[in-house]
Amino acid sequence: MARSHVRSIPHRLRLLRSGAPRDLWPVAAGAVALVVATPILVVVSSILTPSLEVWSHLWETQLAELAWNTIALITGVGLGVVVVGTGLAWLVTMYRFPGRGIFEWLLILPLAMPAYVIGFVFLALFDYAGPVQSWLRQVFGPGVWFPDFASYGGVVLVMTLVLYPYVYLLARAAFLEQSETTLEAARALGASRFRAFWKVMIPLARPSIVAGVTLALMEALSDFGTVAIYGFDTFTVAIYRIWFGLFDRGAATELASVLLFFTLTLYLLERALRGRARFYQTDGKVRPPTPKRLTGWKAWTASGAASLVVGVALGLPVAQLLYWTVTALGGPDYDDRYPAFMFNTLTLGTISAILAVGAAVVVAYGLRLSRNRIVTTFGRIANMGYALPGSVIAVGVLAPLAFVDHGLDAFLQATWGISSGLVLTGSMVGLLFAYLVRFLAVSCQTVEASLIKVTPSMDMAARSLGASKGEVLWRVHLPLIRGGLCTAAILVFVDVIKEMPATLLLRPFGYETLAVRIWQLTSESLWEAAALPALTIVAAGILPVLFLARSSARPRVGEWDDGTGGEGKHSRMP
Amino acid sequence: MRLLCLEGLTKRFSLQDLPALDNLSLQAGPGEIIALLGPSGSGKTTVLRLIAGFEKPDTGVVEIGGEIMANHKVFVPPEVRGVGMVFQEYALFPHLTVEDNIAFGLQQPDPLTRTQRVTGMLETVGLGPFARRYPHELSGGQQQRVALARALAPRPSVLLLDEPFSNLDTDLMAQMHQEVYTILRELGTTALFVTHDQEEAFMIADRVGILNQGRLEQFGGPEEIYHRPATRFVARFVGKADFLPGRVTAEGIETEVGYLPNTPKFPTGTRVEVMIRPDHIELIPDPMGSGMVLSRQFRGQDYLVAVQLPSGATIHSHQPSTLTFYPGHRAKVIARPTHVVAFLATKPWL
Numbered sequence: 001m002a003r004s005h006v007r008s009i010p011h012r013l014r015l016l017r018s019g020a021p022r023d024l025w026p027v028a029a030g031a032v033a034l035v036v037a038t039p040i041l042v043v044v045s046s047i048l049t050p051s052l053e054v055w056s057h058l059w060e061t062q063l064a065e066l067a068w069n070t071i072a073l074i075t076g077v078g079l080g081v082v083v084v085g086t087g088l089a090w091l092v093t094m095y096r097f098p099g100r101g102i103f104e105w106l107l108i109l110p111l112a113m114p115a116y117v118i119g120f121v122f123l124a125l126f127d128y129a130g131p132v133q134s135w136l137r138q139v140f141g142p143g144v145w146f147p148d149f150a151s152y153g154g155v156v157l158v159m160t161l162v163l164y165p166y167v168y169l170l171a172r173a174a175f176l177e178q179s180e181t182t183l184e185a186a187r188a189l190g191a192s193r194f195r196a197f198w199k200v201m202i203p204l205a206r207p208s209i210v211a212g213v214t215l216a217l218m219e220a221l222s223d224f225g226t227v228a229i230y231g232f233d234t235f236t237v238a239i240y241r242i243w244f245g246l247f248d249r250g251a252a253t254e255l256a257s258v259l260l261f262f263t264l265t266l267y268l269l270e271r272a273l274r275g276r277a278r279f280y281q282t283d284g285k286v287r288p289p290t291p292k293r294l295t296g297w298k299a300w301t302a303s304g305a306a307s308l309v310v311g312v313a314l315g316l317p318v319a320q321l322l323y324w325t326v327t328a329l330g331g332p333d334y335d336d337r338y339p340a341f342m343f344n345t346l347t348l349g350t351i352s353a354i355l356a357v358g359a360a361v362v363v364a365y366g367l368r369l370s371r372n373r374i375v376t377t378f379g380r381i382a383n384m385g386y387a388l389p390g391s392v393i394a395v396g397v398l399a400p401l402a403f404v405d406h407g408l409d410a411f412l413q414a415t416w417g418i419s420s421g422l423v424l425t426g427s428m429v430g431l432l433f434a435y436l437v438r439f440l441a442v443s444c445q446t447v448e449a450s451l452i453k454v455t456p457s458m459d460m461a462a463r464s465l466g467a468s469k470g471e472v473l474w475r476v477h478l479p480l481i482r483g484g485l486c487t488a489a490i491l492v493f494v495d496v497i498k499e500m501p502a503t504l505l506l507r508p509f510g511y512e513t514l515a516v517r518i519w520q521l522t523s524e525s526l527w528e529a530a531a532l533p534a535l536t537i538v539a540a541g542i543l544p545v546l547f548l549a550r551s552s553a554r555p556r557v558g559e560w561d562d563g564t565g566g567e568g569k570h571s572r573m574p
Numbered sequence: 575m576r577l578l579c580l581e582g583l584t585k586r587f588s589l590q591d592l593p594a595l596d597n598l599s600l601q602a603g604p605g606e607i608i609a610l611l612g613p614s615g616s617g618k619t620t621v622l623r624l625i626a627g628f629e630k631p632d633t634g635v636v637e638i639g640g641e642i643m644a645n646h647k648v649f650v651p652p653e654v655r656g657v658g659m660v661f662q663e664y665a666l667f668p669h670l671t672v673e674d675n676i677a678f679g680l681q682q683p684d685p686l687t688r689t690q691r692v693t694g695m696l697e698t699v700g701l702g703p704f705a706r707r708y709p710h711e712l713s714g715g716q717q718q719r720v721a722l723a724r725a726l727a728p729r730p731s732v733l734l735l736d737e738p739f740s741n742l743d744t745d746l747m748a749q750m751h752q753e754v755y756t757i758l759r760e761l762g763t764t765a766l767f768v769t770h771d772q773e774e775a776f777m778i779a780d781r782v783g784i785l786n787q788g789r790l791e792q793f794g795g796p797e798e799i800y801h802r803p804a805t806r807f808v809a810r811f812v813g814k815a816d817f818l819p820g821r822v823t824a825e826g827i828e829t830e831v832g833y834l835p836n837t838p839k840f841p842t843g844t845r846v847e848v849m850i851r852p853d854h855i856e857l858i859p860d861p862m863g864s865g866m867v868l869s870r871q872f873r874g875q876d877y878l879v880a881v882q883l884p885s886g887a888t889i890h891s892h893q894p895s896t897l898t899f900y901p902g903h904r905a906k907v908i909a910r911p912t913h914v915v916a917f918l919a920t921k922p923w924l
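Chains U and S, in that order, give the protein sequences. Position 523 of the first sequence, counted from 1, bears residue number 523 in our numbering, the numbering being contiguous throughout. Each number in our numbering corresponds to the 1-based position in the second sequence with 574 added.
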């Protein structure tokens with residue numbers, strides 16, 4: 001073999017010299033990111049351009065109450081999830097007690113419960129007409145006192161029960177990543193086990209705990225179903241009411257911008273609290289703290305506490321839903337349109353998952369290829385959707401869509417004399433767009449997490465072997481991140497199925513999904529009928545939680561991991 | 575004939591920093607093996623990235639096989655440059671078998687030719703039995719051979735190697751140096767590799783370029799670089815070197831360790847700094863000697879002895895491991911350089 005075989009390139013070069021091709025990937029990524037960012041920017045810009053009349057009206061009527069309720073909600077839920085989440089994480093990492101192995105992942109499962117599901121189940125159980133109070137009245141007479149469950153306390157309890165796993169997961173990971181030696185050093189310096197935990201482990205885990213609380217509170221802010229049926233007025237409820245009651249889109253937008261303001265404050269607060277502390281990183285060689293064996297009553301108290309949480313947050317509602325479902329099947333409460341709702345839900349979930357993953361691949365790959373500041377900025381804004389409540393996004397989606405609708409209609413009228421009407425606003429397009437805006441971050445972060453594991457030199461190797469950028473994506477990246485793409489699709493799919501407020505606001509007239517159905521039935525206190533759709537959603541919600549449970553186990557070292565474990569929920573911060 | 579020609583390449587990554595590459599020019603003939611040697615951050619890898627097409631030069635020209643690949647107007651994307659590249663961490667595609675990795679860059683539509691080419695490459699690198707394995711089932715040395723075979727399979731006009739040996743342990747490294755050298759020579763491939771290990775550069779390369787802060791300080795044969803360093807940086811970076819102040823007189827360069835011939839032809843009276851390598855310092859045990867032994871480092875085959883001269887300057891000497899100097903001993907210090915290398919003094923006399 002010799003030099004004469006050297007690959008001849010000139011003929012291919014000549015093709016390229018004429019009009020060097022522009023780099024399309026970053027442009028495509030920028031375009032996708034811009035489209036997704038538009039609704040977010042619309043709402044943000046309405047903060048900057050307040051309408052005075054709307055504001056003075058809102059101020060006179062309900063703004064103070066809404067703000068106060070929201071602050072109270074954040075405070076209550078925040079305290080609740082910190083105590084329950086950190087406490088349980090501490091229990092399962094630092095102690096051995098009967099059932100610890102099972103509780104370790106059972107305690108994550110309540111995350112699968114949408115707050116509105118456990119919310120209506122509890123309301124049904126503990127409300128005045130519910131079985132618990134009826135029984136109490138039978139035993140102790142009609143005058144027996146019971147707290148009003150449809151109240152602030154009820155909302156905080158329900159949300160704490162489904163949202164504590166965020167804190168639990170992150171705190172547990174942070175505890176596990178700490179090293180036994182740190183703890184031993186503290187003990188050697190004279191600290192008791194408890195003091196060492198309090199003085200060393202908690203401060204080290206603080207950034208993780210703060211991140212967990214922030215995630216939980218963002219979910220609390222976006223919740224609509226629970227607060228609505230509990231009659232606890234927050235911004236999401238007010239937006240819904242103004243939207244459908246008064247058809248006042250302007251006021252809805254202004255309210256959405258206040259809600260957005262709360263969300264952003266939380267986000268910035270998290271940044272500030274995390275400060276310069278970094279998430280504790282392990283090189284895989286640290287020995288995690290050895291749990292201490294509990295015996296006797298202490299052991300049973302520990303098991304009891306964990307069982308109580310799992311039982312109340314998961315066992316009780318699931319059992320009640322099963323009971324209602326079974327008794328309702330075949331009875332008058334069974335709605336034979338259920339398969340149709342199911343079909344609608346699956347359709348929306350599947351299309352959104354495909355859209356979100358496709359968009360995520362374009363955005364993530366474009367960002368990988370280009371350090372262009374505009375593309376990066378849009379990419380970052382487009383990834384903020386997840387932090388925004390569905391109602392805010394619904395409001396934000398409407399304005400750009402209506403604009404396009406009117407433009408299209410005017411164009412068609414002018415050219416062919418036909419009217420397209422509101423093809424986008426009133427159709428599934430609007431809803432799918434809203435889902436894309438809200439959940440792009442989920443798919444994007446999962447895809448990015450997998451892409452990071454493909455080293456840049458692999459791209460370069462492929463390029464130097466003659467593959468174009470598109471071919472690199474197709475022949476190298478996609479096969480390598482297949483697992484991550486599946487994870488991303490499942491996460492988006494399940495999130496879409498659970499999503500309530502945006503679906504309610506944007507669904508085409510008469511188009512009903514499981515979540516919509518639950519809302520309609522529970523707002524009329526038809527608990528039994530809502531059980532089957534609710535149970536379906538809970539079952540679907542288990543999927544991503546299982547992914548999470550898997551990825552929150554200790555990372556295995558030395559294996560090629562494509563990120564299928566999915567950073568999932570804890571990487572959702574934009 | 576020049577196969578690879580770089581002309582005045584400059585690359586700046588940010589306006590505040592010094593350029594990553596500053597006006598670099600070098601040429602390589604067909605079949606030549608070139609090493610770029612420099613400390614980390616000296617711009618070595620940037621040179622490779624510019625040649626491969628992963629960066630655009632701010633100014634300057636990259637020419638391969640007489641075709642302009644990059645200048646102020648033209649920019650040919652990496653996939654059509656016909657440049658092979660071997661990465662420090664090999665960057666094998668983990669989802670492809672060894673043979674699929676090697677076949678990745680082959681554009682021949684005819685499957686028979688492709689298979690033949692892959693088989694040929696597997697033989698060349700001695701990995702025939704491993705064709706169906708996946709990269710993670712191979713040892714480090716085997717992975718490196720796959721990386722080499724993959725880069726060479728499309729018969730690139732130039733092969734670039736980015737610190738290709740730094741992930742191997744010492745024994746394997748020596749073996750791979752030899753193997754890679756043999757394969758490159760056998761195929762007559764023009765190769766440019768980047769390293770921070772001077773032994774490696776001297777062993778494999780026909781010519782070595784020394785990079786420092788983005789500037790090519792010297793480009794020449796290994797012996798020339800070692801014995802006649804063009805700058806202080808090269809002298810210090812390649813092998814150990816001490817600098818002693820000297821003054822040019824009619825008899826030669828006057829230093830603390832004697833007169834040295836004024837072969838660089840400095841005018842009389844010039845103040846210079848003379849480079850002295852430890853090989854060129856002779857120590858003779860002498861209680862009245864001017865040097866005092868400060869320390870000694872046992873290095874297996876010899877000692878590196880540090881000696882303080884009356885002026886306070888320290889000079890090093892290689893001494894056979896049979897000879898024993900201890901800290902505190904005095905010795906007579908004599909310089910016997912093969913070539914005198916001196917630079918104009920920058921520092922005032924101590």
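Note that beta-carbon positions come from the ideal geometry of N, C-alpha and C, so glycine has one too.
Opposing strand residues paired with M218(U) [DSSP bridges] = DSSP, once it has assigned bridges, lists no residue as partnering M218(U).
Which residue's Cα is closest to the Cα of Q133(U): F122(U), V121(U), F146(U)?
-> With distances taken between Cα atoms, Q133(U) lies closest to F146(U).
Closest by C-alpha distance to V36(U), when choosing among Y168(U), G311(U), V375(U), T214(U) | Distance from the Cα of V36(U) is smallest, within the candidate group Y168(U), G311(U), V375(U), T214(U), for V375(U).
Give the straight-line distance between the Cα atoms of S443(U) and K453(U), rounded to the nearest whole angstrom.
-> Roughly 16 Å between the two C-alpha positions.
The alpha helix (DSSP H) enclosing K298(U), as first and last residue numbers = In this chain, the alpha helix (DSSP H) harbouring K298(U) covers 296-310.
Can you tell me where the beta strand (DSSP E) with H892(S) in it begins and where it stops?
-> H892(S) -> beta strand (DSSP E) spans 888-894.
Of all the CB atoms in chain S, is at least one closer than 9 Å to the CB of D283(U)?
-> A caution first: D283(U) carries a pLDDT of 49, below 50, which makes its placement in the model unreliable, though a value can still be read off. False, the Cβ-Cβ gap to chain S never drops below 9 Å.
Partner residues on chain S for S457(U), Cβ-Cβ distance less than 7 Å | Residues of chain S passing the Cβ test: F661, E663, A665.
Distance, R100(U) Cα to A340(U) Cα | When rounded, the separation of the alpha-carbon atoms in A340(U) and R100(U) is 42 Å.
When the Cα of V158(U) is compared with those of A313(U), G379(U), W135(U), which residue comes out closest?
-> V158(U) has its Cα closest to that of A313(U), out of A313(U), G379(U), W135(U).
Mind checking if G19(U) is an interface residue toward chain S, Cβ cutoff 9 Å exclusive?
-> Residue placement at G19(U) cannot be trusted, given a pLDDT of 38 that sits under 50; the coordinates are not used to answer.
Since E774(S) is in the alpha helix (DSSP H), which residue starts that stretch and which ends it?
-> Counted as a single uninterrupted DSSP element, the alpha helix (DSSP H) harbouring E774(S) occupies residues 772-778.
Touching by the beta-carbon criterion (3+ pairs, under 8 Å), the segment 377-388 of chain U and the segment 428-441 of chain U = Contact between the segment 377-388 of chain U and the segment 428-441 of chain U is present: three or more C-beta pairs spanning the two stretches fall below 8 Å.
Exposed unless 16 or more other CB atoms sit within 10 angstroms - verdict on L743(S) | Residue identity check: residue 743(S) is Asp in the sequence provided, not Leu. Its Cβ having fewer than 16 others within 10 Å, D743(S) is exposed.
Whole-angstrom Cβ separation of E774(S) and H751(S), contact assumed at under 8 Å?
-> About 6 Å; that satisfies the 8 Å criterion.
Using a Cβ-Cβ cut-off of 9 Å, state whether V657(S) counts as contacting chain U.
-> Chain U contact via Cβ: present.
Note down the Cα distance separating A402(U) from A387(U), rounded to an integer number of angstroms.
-> Straight-line Cα distance between these residues: approximately 24 Å.
Is the distance from the Cβ of I638(S) to the Cβ of R655(S) below 9 Å?
-> The Cβ-Cβ distance between I638(S) and R655(S) falls below 9 Å.
Would you kindly report the start and end of the unbroken beta strand (DSSP E) that includes T909(S)?
-> For the record, residue 909(S) in the displayed sequence is Ala; it is not Thr. Per DSSP, A909(S) belongs to the beta strand (DSSP E) from 904-909.
To the nearest angstrom, how far is it from the Cα of W55(U) to the Cα of T75(U)?
-> If I take the Cα positions, the gap works out to 25 Å.
Roughly how many angstroms lie between the CA atoms of L818(S) and R910(S), to the nearest whole one?
-> Distance between L818(S) and R910(S), taken at the CA atoms: about 14 Å.
List the residues of chain U that R724(S) touches, going by C-beta distances under 8 Å, in chain order.
-> Simply A461, L465.
Say whether the segment 644-664 of chain S touches the segment 598-614 of chain S, bearing in mind that this needs 3 or more beta-carbon pairs closer than 8 Å, one atom from each stretch.
-> Between the segment 644-664 of chain S and the segment 598-614 of chain S there are fewer than three inter-stretch CB-CB distances shorter than 8 Å, so the stretches are not counted as touching.
Within-9 Å CB hit, F628(S) to chain U | Closer than 9 Å to some Cβ of chain U, the Cβ of F628(S) qualifies, so yes.
Spatial distance of P835(S) from P631(S) (CA atoms) = Rounded to whole angstroms, the gap between the alpha carbons of P835(S) and P631(S) is 44 Å.
Measure from the C-beta of S370(U) to each C-beta in chain A and report whether the shortest distance is under 9 Å.
-> The question asks about chain A, but that chain is absent: this structure's protein chains are U and S.
Pick out whichever of V77(U), G130(U), V494(U), R193(U) has its Cα sitting closest to the Cα of D148(U).
-> Considering only alpha carbons, the answer is G130(U).
Residue of V42(U), A185(U), L431(U) minimising C-alpha distance to A349(U) = The question names Ala, but residue 349(U) in the sequence shown is Gly. Each of V42(U), A185(U), L431(U) was checked against the Cα of G349(U), and the nearest Cα belongs to L431(U).
Got a sec: which bits of the segment 28-54 of chain U sit with their beta carbon under 8 Å from any beta carbon on chain S, in order along the chain?
-> Hits within the stretch: zero.
By how many angstroms is the C-alpha of L491(U) removed from the C-alpha of M94(U)?
-> Each residue's alpha carbon lies about 31 Å from the other.
Reduced DSSP secondary structure (H/G/I, E/B, other) of K585(S) = If DSSP states are grouped into helix, strand and coil, K585(S) belongs with the strands.
Anything in chain S within Cβ reach of V476(U), meaning under 7 Å, just list it in chain order.
-> Chain order gives the chain S residues near V476(U) as F667, where near means a beta carbon separation below 7 Å.
Please list, in chain order, all residues of the same chain as R586(S) whose beta carbon is under 7 Å from its beta carbon, the five residues on each side excluded.
-> Within the same chain, R586(S) has close Cβ partners P593, A594, D632.
So, helix, strand or coil for G541(U), using DSSP?
-> Under the three-state reduction of DSSP output, G541(U) falls in the helix class.
Starting from the Cα of M460(U), find the closest Cα among H477(U), Q445(U), T446(U) and give me that residue.
-> Checking every option, the nearest Cα to that of M460(U) belongs to H477(U).
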